[in-house]
Every structure is written in C-alpha cells, then in structure tokens.
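Right, one structure below, let's go through it.
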Amino acid sequence: MSYASVLNATASLLACLAAALPVSCLAQATGPTQPKMTTPAAAAPSASEPAALRFDLIAGSLDHRISRLVDQMTLEEKVGQLVQVYPSDTELSEETAALVRAGAIGSLFYPGKREVVDDAQRIAKEESRLGIPLLIARDVIHGFRTVMPIPIGQAATWNPELVEQGAVVATEEAIAEGIDWTFAPMIDISRDGRWGRIAETLGEDPLLAGELAAAMVRGFQQEENGRIRGMVACGKHFVGYGFSEGGRDYNRVSVSQIDVHNTLLPPFERALEAGCRTVMTTFSEVNGLPGTAHAPLLNGVLKSDWRFGGVVVSDWASVTEMVAHGFARDDAHAAELAVRAGVDMDMCSPAYSGHLVRHVREGRVAEERVDDAVRRVLKLKAELAERETRAKEWAPTAASREVAREAVRQSVVLLKNDGVLPLAEKKLSRVAVIGPMADAPKQQLGCWALDGRPDDSVTPLAALTERLEGKAEVVYAKGAKNSFAADRSRIEQAVDAAKGADVAVLFLGEDAVLSGEARCRAAIDLPGVQSELLAAVAETGTPTVVVLLAGRPLAIGPDLPSAEAVMFAWHPGTMAGDGIADLLFGDANPSGKLPVTFPKDAGQIPIYYNHPNTGRPMPEGFRPLVGSGLDDLPPEFQYRSHYLDVPATPLFPFGFGLSYTSFTYSDLSPSEQLTAPYGESVSVSVTVANTGAKAGAEVVQLYLRDRTSSIVRPVRELKRFRRVELEPGEAKRLEFELAPEDFAYYDAAGRSIIEPGLFDVMVGGSSLADLATAIEIQPPPTQVATGAAGEAPAATTSAKPTASSSR
Numbered sequence: 000m001s002y003a004s005v006l007n008a009t010a011s012l013l014a015c016l017a018a019a020l021p022v023s024c025l026a027q028a029t030g031p032t033q034p035k036m037t038t039p040a041a042a043a044p045s046a047s048e049p050a051a052l053r054f055d056l057i058a059g060s061l062d063h064r065i066s067r068l069v070d071q072m073t074l075e076e077k078v079g080q081l082v083q084v085y086p087s088d089t090e091l092s093e094e095t096a097a098l099v100r101a102g103a104i105g106s107l108f109y110p111g112k113r114e115v116v117d118d119a120q121r122i123a124k125e126e127s128r129l130g131i132p133l134l135i136a137r138d139v140i141h142g143f144r145t146v147m148p149i150p151i152g153q154a155a156t157w158n159p160e161l162v163e164q165g166a167v168v169a170t171e172e173a174i175a176e177g178i179d180w181t182f183a184p185m186i187d188i189s190r191d192g193r194w195g196r197i198a199e200t201l202g203e204d205p206l207l208a209g210e211l212a213a214a215m216v217r218g219f220q221q222e223e224n225g226r227i228r229g230m231v232a233c234g235k236h237f238v239g240y241g242f243s244e245g246g247r248d249y250n251r252v253s254v255s256q257i258d259v260h261n262t263l264l265p266p267f268e269r270a271l272e273a274g275c276r277t278v279m280t281t282f283s284e285v286n287g288l289p290g291t292a293h294a295p296l297l298n299g300v301l302k303s304d305w306r307f308g309g310v311v312v313s314d315w316a317s318v319t320e321m322v323a324h325g326f327a328r329d330d331a332h333a334a335e336l337a338v339r340a341g342v343d344m345d346m347c348s349p350a351y352s353g354h355l356v357r358h359v360r361e362g363r364v365a366e367e368r369v370d371d372a373v374r375r376v377l378k379l380k381a382e383l384a385e386r387e388t389r390a391k392e393w394a395p396t397a398a399s400r401e402v403a404r405e406a407v408r409q410s411v412v413l414l415k416n417d418g419v420l421p422l423a424e425k426k427l428s429r430v431a432v433i434g435p436m437a438d439a440p441k442q443q444l445g446c447w448a449l450d451g452r453p454d455d456s457v458t459p460l461a462a463l464t465e466r467l468e469g470k471a472e473v474v475y476a477k478g479a480k481n482s483f484a485a486d487r488s489r490i491e492q493a494v495d496a497a498k499g500a501d502v503a504v505l506f507l508g509e510d511a512v513l514s515g516e517a518r519c520r521a522a523i524d525l526p527g528v529q530s531e532l533l534a535a536v537a538e539t540g541t542p543t544v545v546v547l548l549a550g551r552p553l554a555i556g557p558d559l560p561s562a563e564a565v566m567f568a569w570h571p572g573t574m575a576g577d578g579i580a581d582l583l584f585g586d587a588n589p590s591g592k593l594p595v596t597f598p599k600d601a602g603q604i605p606i607y608y609n610h611p612n613t614g615r616p617m618p619e620g621f622r623p624l625v626g627s628g629l630d631d632l633p634p635e636f637q638y639r640s641h642y643l644d645v646p647a648t649p650l651f652p653f654g655f656g657l658s659y660t661s662f663t664y665s666d667l668s669p670s671e672q673l674t675a676p677y678g679e680s681v682s683v684s685v686t687v688a689n690t691g692a693k694a695g696a697e698v699v700q701l702y703l704r705d706r707t708s709s710i711v712r713p714v715r716e717l718k719r720f721r722r723v724e725l726e727p728g729e730a731k732r733l734e735f736e737l738a739p740e741d742f743a744y745y746d747a748a749g750r751s752i753i754e755p756g757l758f759d760v761m762v763g764g765s766s767l768a769d770l771a772t773a774i775e776i777q778p779p780p781t782q783v784a785t786g787a788a789g790e791a792p793a794a795t796t797s798a799k800p801t802a803s804s805s806r
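Counting in numbering that gives the first Met the number 0, the final residue of the sequence shown is number 806, and the numbers go up one at a time with none missing.
See below:
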C-alpha cells in the first residue's frame, strides 16, 4: 500500500472516530479529569500529489525552513501543531497513534513511561506526512528523580548559581526520558501563605524571584551559541496567579496596574532576558479578563512591547474553563477568544482541536494568526532538533545527590537558637527523634515530585541513625499518624522517648498533600496535634530542637517558646536527611534567608516587606489592646493602622535567617548624603565582618526607598544581594553598583520613570537592614521643575524597556 493510501485510510478512520475520540486529558498531579477531546484528522494528499518536503530534510536558514514547511501544511496540520494532549495509556493507543500519524497533535505530556513517548515520537518523525516531531512536556518543577528542595526552599538559598545547578541535574535526568519541555520556573509573586502554590513560587520579591527564575532558565535550557542543549523552560503563570483572592487557588485576581508593572511583570521580563522560550497563561481572571484571553497582557505587553517570539501555552484546560468563568459562551467561543488574544498552544482541552479549523474557514480567526502560532511552535521544535542525543539509561549519581544535599544545606533557615545548636556528638548518649515528618520519605519530596521515588529519599531518621551509630542511642517516636492527624494517642510514647534523652529533635510541619496546587489552607498554624506534641515534649525538660518541613510559611508564634532551636527546612527533597544532619551537627553553617515574610497570624495576610506606608502608620512601641489589661488604647495608639489583637509586624521578616556565627556591617559609603547626576550609576560599598567563632556565609542585602514620589512607593525595595563566605574574624569590602533604572518605577501605563529626589539606601542581613545613607538624584539638565504630585515629569519618562527581540 502506498504512503498516500495509508494516510487516506487513516483519515477515513479518524473521521469516523472524531465524535468520540478516547484521548482524555488527565491531570498530571491534582487537576480534574477533562472531557474527551475530538480532533479532526489532517487532510491527506491524494496519491497524485507530489511528496511533501519533510521537517528534517529542508535546508537553509531557520526562518526559511519554517516558511517552506508552513507553506505546504494543510489547515488541519497547522491546527494540529497547536494541540497538546495527555495520553493516559500505559501503552500508546491506536487512536493516539493515528492522531500523531495524521499530524493532529503537536505536543504530548510525558505520561510517566518512556516507551509511550518513544513510540509516539517515532510515528511523528517516520510515519506522518511532514515528519514533524512532537514536543514532549512534563512538569519538572524541582527535580526529576533527584528531587531538590521545593522552589520556595531553593529561593531561601538566595544563590542563583546553586539553583542553576539544580536545574541542570533535573534536565539531564528528564532528557534521558525523552522530555523536551518543562513547565517551570513558576515566577508568580505571592504574599499569601494560605495559597498552596506558594510552595512552587520563588517568594514575594520581584528582584529575587527574577534572578532565581533566570538561573532556572539557564539551567534548564543550557544554551550554547544560541542553541538549546537542555529542555525548554516555561515561565508561568502570566500574570497575577499568585495574587489569588483569599489565598484560594484559581480564584479571581484584582490588582492595580501599578502592582502589575512594578511587582508582577519584572520577574517575567528577567526570565525572558535569560532566554526563556515559552510562557504559560494564568488560570485566574485578572481584573475582569481570564488570563487565557487577556489580550492586553499577551498580545500587548508580552508579544508587542517585549517582542516575545516564543510560544504562549494555555494552562491545563484553561481555554475551555473560560465557559465556567462566564466569559465564553461555549468551547468554540473560548477557542476563538484564546487564539485571538495570543495563546499559541491549547493545553489539554478540546477547544482548538474541535473548533479552530472551522473558525478560520468561516473568517472568525485569520489564518495569518494561526500561521504565526505554528511558526512559533516549529521554531521551538527546530531548535530542539539540533540537540545532541542523550543516553536512555540513567540514575541519580553521587554528583546529582551532592547538588541536592548542598541545596538542602543552603535552603534551611535557622529561625531560633538559644545555644543548643550545633549539637556536639561527643556529649550525646541518647537522642530522641520525634515527629510525623522524621521518617516520611514521600512527604519530604514535596508537592511537585512526579518522578521522584520515595525509595531514593534519605529521611532525617535514617541520616541521624547512621551518623550516631556506635556513638549514641537513637530513640524514635512518630508522635502522630501524620502531620494533620487529630489522634492524640501517640503523644505519650513521644514523651517517654524524650525523657532521659540528651536532646529531643522534633520533625514537624506539613505532609506534601497539604501544599501545592488546590491545596490551600485557611489557617496556617501547625496542623493536627503537632503543637500539643511539641508542648508535651518540652514539658519533659529535655532540650528541644524543632525542624519544620513544610510547603508554606507557617504562623508558629505560639510554638516558639516550647523549643530552644527552630529550623525551617521547607520540603527539602531526596537528600533531606543528610543535609539537615549536616546542619544540626555543625558540619555546615545555616545560611538560608527567608524569601517570604512569616506572619504572626493568618489574619495579617497579605503581609510583605515592600509595602507602601499609610498616612497613619502603626506607631513605634505599639501594643495591642487585647490582653493588655487596659480599657482602651492610649491616645497615641488610637486612629492608627494596626490590629487590636496582634501587632502588624511579622513574626519573621523577609530576608531573615540566623547563623552559628555573627556578622557585623560597617563603613557604609557614601557615609553622608551623596548628590548624583541624573542618569548616572552610583556606587555603594560596605564592610561585612564575621565576628563569631565559626566560618559562615552571609547574604548581604541592599534596599532603596524613594522618600517622595509622584505615586506612593514601598517603604523599601530589594535592589542588590550577594552571598559572601567569611572565616572567623575575616572582613570583606563589598561594592554595589546601582544603575539609573534601580531608581525607577513604572506608572500605571507601564512607563518607566526616574524622578529626581532623595533615596534612602539601607544595607544589612534582612529587610530590617538599618545601616543607612542617602543619595539625592539631581534633576536632568533640561528639567526646570518637577511635576505636581501625581504627575510624572515629562523629562523623566520613557517607554517600558523591552526584553530581547531575538527570541
């Protein structure tokens, strides 16, 4: 049978099956099952037509090759390139294989089995009319088989180089399984610990998130001379998902244009500057428009202002979900809205596959728009086709596990230490290891470890038992069935284990199922009976150390008095046990810094360091009325911005983290107010000294505050940070160069503005940095006077900077 005859037979078969095709979209982790999709077959050529030029045989420049390919594609084949499906089969089904053969699918999710994607890829390359390969996608979020700390934990390292190394490890393992494309990094800014997906973010600050997102992009894509050696990165969710109302997943987002341009967009732009080739839309409605049909953001900011030349992909079924939003009449209308707004690929919904061909033929969607989307997809595939072949056999290596272990060591944040840490092995004869997170190999991997294996996990109990073998007795008591259990029956056993021990180390927090997508909490204290467990152990008088493994900042204020030391380890991944043991015994010195603010109470949310001031800020020394014994607040505390029952200050501020040593800051230069010419860079330097007895690393943080502006600006903003290693007694002089754009902000129209005036510069080890100086930016030579309040001086405005147009 001829090749054309095979295609014609396949087309006939698919036409019969089109009404009920069993290719379902099953959520890869926690999402819902989607309706069965219908995908029309690509029109097959007749036997008399000349053979088509195939994907891998077209010569010439990249643009030329893509143009020739698009010119010979049928409309059905074009639409097929814009369709992504999830094959739920353990083997490639005949129906899915027929779709791939007909060119009706452009991308497949990796279903967890290499053989399925190998079969699909072979059919696409060898049996489809044009030989266009598939994009094989997977959520490789914080590691593949070697699982790194969750992203918010990696953010606590404040170390872009280490974060990049972790992404390289994940990429090497994922590529060996045939994966081309990961849906990471997640660049959403979040200020709400109730939101489950804060675990997947890089924190609350746009500068820190942007730098770490760029590091992940570099690690995933591994570009050399403009060519991708790794897998394609995807910045998500564009834009605002992390501001979901009430901390509830998929909820509406209502945010000012000032916040959109100054807080939400900058980290995405940074990721694109690092070469990120794809962007994913947000599930949520943003100021009345679903992110998947938000033309002002997608066609406007992303594709027009920033000249983004990559692929925009919807989130899982978010095209058809616009019907539930009440924004689209039906799936057909949703497809029209999404493609016209700038969405190039439809992830796991029947919208594009079922309706886009008809939309083009009936004139509702221009074929030029479809061609543009197809060109973007084909360009990505052409770049990936030039990669070197990777071996199919792989396993976690000593090197990959060491990267994961170092990521644990640098991500753990020491929140409290009354001198009990580090533990001295020689002084220990019995150690009580207690808590539901002490020996939970699956839970320590976190919420997006789709391919991580609990059997690979080194738990804290295993690591401590191995370390103390022959030196001290390790007594283990789980204390609770899991982190959220209500049963108190196991507390007594834990108390017995603590009695007579030299130290009790409690591993508490959250199981992985309590954080992540659609895993939001209204209260963010320790769940279950864990607070009671901790209090009961503390009452024994045994020195108590708490290590918290969790996916979000926790409101643990009431629990702090029960422990002499508290470490926050997030969900640390495969090497949790060894990394934590290194810190407990002082083989490594804690250096992690909080990438998010920890509230005293969930009622303070949203709480974040870079907030604007009010006209009536909370006064110094404020004390809440509730619990004070007074009948009312003193007059100096009344009619101010505060709560009556808890101070408005955080439990732990952004950037905070203790060490086993101490650091001092001195000699900030300029020591007095500096006047700087408009549009020129300014140098700031400071001396940092290790004044303790142990070697350690400090994350030096520099903040700016614009004292007076045409719009109300934050009380401080992170502008630079640097990790510095210091031996005991060692001091280093650090210099930071502040560029003109560091003094700029965006107005509601997205214009970049630098206003002359006075700026405070603050340097220190957290967002409470108090070593300060001031810089006055002079007016530009052509400016006679500044504009009135609320108006930007014309001489200081410019168009919003654009990301590189080379992508």
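Here a beta-carbon is modelled for each residue, glycine too, at the ideal position from N, C-alpha and C.
Residue i Cβ short of 7 Å to the ligand SAM heavy atom set
{"i": "Glu223", "result": "As for the ligand SAM, it is missing from this structure, which has no ligand bound."}
Buried/exposed call for residue i, threshold 16 Cβ in 10 Å
{"i": "Arg360", "result": "exposed"}
{"i": "Ala40", "result": "For Ala40, the pLDDT reaches just 43, beneath the cut-off of 50, and the residue's location in the model is therefore unreliable, although a value from the coordinates is still provided. Counting Cβ neighbours within 10 Å, Ala40 comes out buried, since at least 16 surround it."}
{"i": "Val783", "result": "Residue confidence is low: Val783 scores 49 on pLDDT, short of 50, so the model does not pin down where it sits. Its coordinate-derived value is still stated next. Exposed, since its Cβ has fewer than 16 Cβ neighbours within 10 Å."}
{"i": "Leu643", "result": "exposed"}
{"i": "Gly245", "result": "exposed"}
{"i": "Arg520", "result": "buried"}
{"i": "Asp558", "result": "buried"}
{"i": "Pro349", "result": "buried"}
{"i": "Ser399", "result": "buried"}
{"i": "Glu734", "result": "exposed"}
Residue i vs residue j beta-carbon contact at 8 Å
{"i": "Pro132", "j": "Ala123", "result": "yes"}
{"i": "His570", "j": "Gly550", "result": "yes"}
{"i": "Arg715", "j": "Ser751", "result": "no"}
{"i": "Val402", "j": "Val168", "result": "yes"}
{"i": "Gly239", "j": "Leu263", "result": "yes"}
{"i": "Gly229", "j": "Arg269", "result": "no"}
{"i": "Gln603", "j": "Val645", "result": "yes"}
{"i": "Lys498", "j": "Arg489", "result": "no"}
{"i": "Ala738", "j": "Val687", "result": "no"}
{"i": "Arg528", "j": "Ala484", "result": "One detail in the question is off: residue 528 reads as Val in this sequence, not Arg. Yes; because the gap between Cβ atoms is below 8 Å, this pair is in contact."}
{"i": "Trp598", "j": "Leu533", "result": "The identity of residue 598 in the sequence shown is Pro, whereas the question assumes Trp. The answer is no: Cβ separation not under 8 Å."}
{"i": "Ala334", "j": "Val318", "result": "yes"}
8 Å contact criterion, which residue i and residue j should meet: CB distance rounded
{"i": "Ile151", "j": "Pro594", "result": "6 Å"}
{"i": "Thr277", "j": "Val322", "result": "At roughly 25 Å, the Cβ-Cβ gap does not stay under 8 Å, so Thr277 and Val322 are not in contact."}
{"i": "Gly451", "j": "Gly142", "result": "6 Å"}
{"i": "Arg137", "j": "Phe108", "result": "7 Å"}
{"i": "Asp501", "j": "Leu427", "result": "5 Å"}
As assigned by DSSP and simplified to three states, the class of residue i
{"i": "Gln886", "result": "There is simply no residue 886 to check, as the chain begins at 0 and stops at 806 in what is shown."}
{"i": "Ala730", "result": "strand"}
{"i": "Gly556", "result": "helix"}
{"i": "Met279", "result": "strand"}
{"i": "Val167", "result": "helix"}
{"i": "Ser684", "result": "strand"}
{"i": "Ala365", "result": "coil"}
{"i": "Tyr659", "result": "coil"}
{"i": "Asp117", "result": "helix"}
{"i": "Asp741", "result": "helix"}
{"i": "Gly142", "result": "strand"}
{"i": "Glu223", "result": "strand"}
Among the options, the one whose alpha carbon lies nearest that of residue i
{"i": "Gly177", "options": "Ala384, Thr648 and Lys378", "result": "Ala384"}
{"i": "Glu740", "options": "Leu733, Ile776 and Glu729", "result": "Ile776"}
{"i": "Met436", "options": "Ala334, His293 and Ala568", "result": "Ala568"}
{"i": "Ile197", "options": "Ala154, Glu171, Ala173 and Pro159", "result": "Ala154"}
{"i": "Gly578", "options": "Ala647, Ala462, Val528 and Ala448", "result": "Ala462"}
{"i": "Pro605", "options": "Gly165, Gly130, Gly105 and Arg193", "result": "Arg193"}
{"i": "Leu414", "options": "Gly325, Pro295, Ser317 and Gly654", "result": "Gly654"}
{"i": "Gly469", "options": "Gly234, Ile186, Gln221 and Lys425", "result": "Lys425"}
{"i": "Thr181", "options": "Gly299, Met279, Val231 and Ala747", "result": "Val231"}
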